[in-house]
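Asks:
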Amino acid sequence: MTNPPLNPDDPNGQQPPSPYDQYAGAQDPYSQNPHPQDPYQQGPYQQNPYGAAGPAGGRPRPSVTFQQAIQLFFKNYAVFNGRASRSEYWWVALFTFLVNAVLNGLARSIGDSGSMALTVVSSLWSLAILVPSLAICWRRLHDTGRPGGWFFIVLIPIVGWIILIVFLAGPSRQDAWQRFDNGTLPVES
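Under full-length UniProt numbering, the residues of the sequence shown are numbered 1 to 189, in order.
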């Protein structure tokens with residue numbers, strides 16, 4: 001049975017919907033929602049692109065100046081959690097190298113007369129920077145996305161030191177904070 005056209009003069013002859021149609025009252029799943037949208041609705045969820053910084057805890061360690069790096073080196077004396085930026089690590093490496101060079105230069109210029117005093121000073125300096133040097137190296141490895149235990153690769157003669165230097169010179173990993181920024185974090189200023 002067919003329904004008569006709504007308008008007999010209409011050449012298309014469209015019919016009104018039948019109340020017995022199997023889809024009567026059902027919404028087409030592919031059509032737009034007939035209800036108005038909330039004007040304050042939150043936009044769609046978007047992930048950060050690969051390599052972009054995540055939440056606030058995921059921001060990279062800031063670059064620091066020479067003076068800031070030395071201050072952080074001693075403030076974070078025995079902090080093995082968290083991360084150390086590339087600049088923080090290498091400024092400290094330069095500082096310790098310069099202090100050792102000055103102490104060795106003084107020892108050579110003074111000769112045997114003051115060697116005992118300089119040996120004591122040099123030994124005290126080495127003991128004073130042992131723990132913070134290990135801690136900053138540990139944190140720098142964390143910043144490159146590696147566990148701090150990779151430090152012990154230096155136990156392999158020559159090759160171990162080369163591998164460690166390559167790791168320490170590597171770029172910071174954006175996702176490192178998720179693994180290593182827990183516990184007591186290093187001071188940033």
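All residues carry an ideal CB built from backbone N, CA and C; glycine is no exception.
(1) Taking only runs of the alpha helix (DSSP H) that begin and end inside the segment 105-173, which ones reach a length of at least 4 residues, in chain order?
(2) Go ahead and pull the three-state DSSP assignment for V64.
(3) Can you give the Cα-Cα distance for L94 and S133, rounded to whole angstroms?
(4) Rounded to whole angstroms, what's the CA-CA distance from R140 to L103? Just pull it up for me.
(5) What do you get for P113, buried or exposed, if any count of 16 or more other CB atoms within 10 angstroms of its CB means buried?
(6) Would D143 and R83 qualify as a contact pair, given that the criterion is a beta-carbon distance under 8 Å?
(7) Can you tell me whether DSSP reads F80 as helix, strand or coil?
(8) Does any heavy atom of the ligand GDP sit closer than 7 Å to the C-beta of Q174?
(9) By DSSP, does N100 sit in helix, in strand, or in coil?
(10) Alpha carbon to alpha carbon, how far is L124 from P147?
(11) If we count the other Cβ atoms within 10 Å of its Cβ and call it buried at 16 or more, is F66 buried or exposed?
(12) Does S85 come out as helix, strand or coil in the three-state DSSP assignment?
Replies: Working from what's here:
(1) 115-143 and 159-169
(2) Position 64 of the sequence shown, counting from 1, holds the residue named residue 64. Here V64 carries a coil assignment [DSSP, helix/strand/coil].
(3) One-based indexing of the sequence shown puts residue 94 at position 94. One-based indexing of the sequence shown puts residue 133 at position 133. L94 and S133: Cα-Cα distance of roughly 12 Å.
(4) Translated into positions along the sequence shown, residue 140 becomes position 140. Translated into positions along the sequence shown, residue 103 becomes position 103. Approximately 26 Å between the Cα atoms of the pair.
(5) If you number the sequence shown from 1, residue 113 lands on position 113. For clarity, residue 113 is Ser in the given sequence; the question names Pro instead. So S113 counts as exposed.
(6) In the sequence shown, the residue the question calls residue 143 occupies position 143. In the sequence shown, the residue the question calls residue 83 occupies position 83. In this structure, R83 lies closer than 8 Å to D143 by Cβ.
(7) The sequence position of residue 80 within the sequence shown is 80, counting from 1. DSSP, reduced to helix, strand and coil, places F80 outside both helices and strands of the structure shown, so it counts as coil.
(8) No copy of the ligand GDP appears in this structure; indeed no ligand is present at all.
(9) To locate residue 100, count along the sequence shown from 1; it is residue 100. N100: helix per DSSP, three-state reduction.
(10) To locate residue 124, count along the sequence shown from 1; it is residue 124. To locate residue 147, count along the sequence shown from 1; it is residue 147. Between L124 and P147, the C-alpha separation is close to 29 Å.
(11) As a first step, residue 66 must be located in the sequence shown, where it is residue number 66. Classification of F66: exposed, given that the 10 Å Cβ count is below 16.
(12) Position 85 of the sequence shown, counted from the first residue, corresponds to residue 85. Residue state, collapsed to three classes: coil.
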